[in-house]
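J.: Going by this note's numbering, the first residue of the sequence shown is number 1172, and it counts up by one from there. Take a look at the following structure, please.
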Amino acid sequence: MSGRLVHLPSGRSLGVTGFGDPVARRVVLLCHPSPGTGGFDPDPTVTSQWGARLVALDRPGYGASEPWRSPDHASFTAHADDLAQHLSRIEAGSERLDGADIGSIGVVGWGLGGYAALALAARHPHLVDRLALVDTPSPESARRAEVPSAPFSFADIGFAPREPAYGETAAGRRLGRMLAAAATQGDAGVRGDREALEDDLRWRSLRDVEADTLLVYGDEHPTVSAHLDGRRLRRRIPGSRVVRVARGTGLSISTHWPSILNHVAPRP
């Protein structure tokens, strides 16, 4: 795993983390939940052996990324444009590539990160060919949800571990580090996400999504469901399909990471 700060043409500075094979031609963008940061690898063992390059950027106000500043308003569409700008400058080894050279990419949106992923796929359909949204709330559910306050807990991302000692496991420690990093700037990140929900998405633009889209939901997730949220999103996203994870909790992104990766970065 590697992390750095990038400065974008918009004037914003965002924290970037890379996982997997740094010279792989297939790129997968991971959009983190709310609260969260890009420093969480769902399953490092699987990721390291998959043959794909994973890139994750902290949204404004989280981790190393500057918060939204006046006169800019928090916006998933503006963040999507920042993502596209960064992807256009991705380096493979020592060779600098433009967006056309890297070709289409896969995108995973976890929780509210699904809104950033959708905005990218809608505004830059040539860039995204495969999309997986994992436990992403519908607009109606997202707007009703309470805004958590730092310090953040597992429950704030909809995860209730079955084992009391889960926080001491390798996965639990990784998740704990992500939530601690998400609180580096207090509540700036979650406040920005809530403002972005009120500002957009402009849902009619989802008709422009051309990516092969999976909507993945854990059957035991405490706040979202395939029946309600998945069905609402499926109606808005052309050709999308809902997948239910049996006994899946709020961490289906980790327990079913191989299946998710296989959709956004299929092996030959």
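We treat Cβ as the ideally placed atom computed from N, Cα and C, and that holds for glycine.
Which whole-angstrom value describes the C-beta separation of V1187 and R1175, a residue pair presumed to lie in contact below a C-beta threshold of 8 Å?
T.: With a Cβ gap of about 6 Å, V1187 and R1175 count as contacting.
J.: Excluding the five sequence neighbours on either side, which residues of its own chain have a C-beta within less than 7 Å of the C-beta of G1264, listed in chain order?
T.: In this predicted model, G1264 has a pLDDT of only 37, less than 50, meaning its place in the structure is not dependable enough to derive any value.
J.: Would you mind working out which of D1243, P1204 and A1331 sits nearest V1318, comparing C-alpha positions?
T.: Here the closest residue by C-alpha is P1204.
J.: Do you know how far the Cα of E1334 is from the Cα of R1230?
T.: If you take the alpha carbons of R1230 and E1334, they lie about 30 Å apart.
J.: Which residues does DSSP list as the beta-bridge partners of G1389?
T.: Per DSSP, V1416.
J.: What first and last residue would you give for the beta strand (DSSP E) that runs through S1460?
T.: Within the shown structure, residues of the chain are numbered from 1172 to 1439, placing residue 1460 beyond reach of any answer.
J.: Quick one: is R1183 buried, meaning 16 or more other Cβ sit within 10 Å of its Cβ, or exposed?
T.: The residue is buried, with at least 16 neighbouring Cβ atoms inside 10 Å.
J.: Tell me which same chain residues have a C-beta within less than 6 Å of the C-beta of S1181, skipping the five on either side of it?
T.: The residues are D1253.
J.: If contacts are defined as beta-carbon pairs under 8 Å, then P1322 and A1354 qualify, I think. What distance do you get, rounded to the angstrom?
T.: Sure, about 5 Å apart at Cβ, within 8 Å.
J.: So, with DSSP's three-state summary, where would you put I1328?
T.: I1328: helix per DSSP, three-state reduction.
J.: Taking V1217 as the reference, which of P1429, I1408 and P1393 has the closest Cα?
T.: Ranking P1429, I1408 and P1393 by Cα distance to V1217 puts P1429 first.
J.: Report yes or no: do the stretch 1381-1400 and the stretch 1419-1434 share at least 3 C-beta pairs separated by less than 8 Å?
T.: Yes, they touch.
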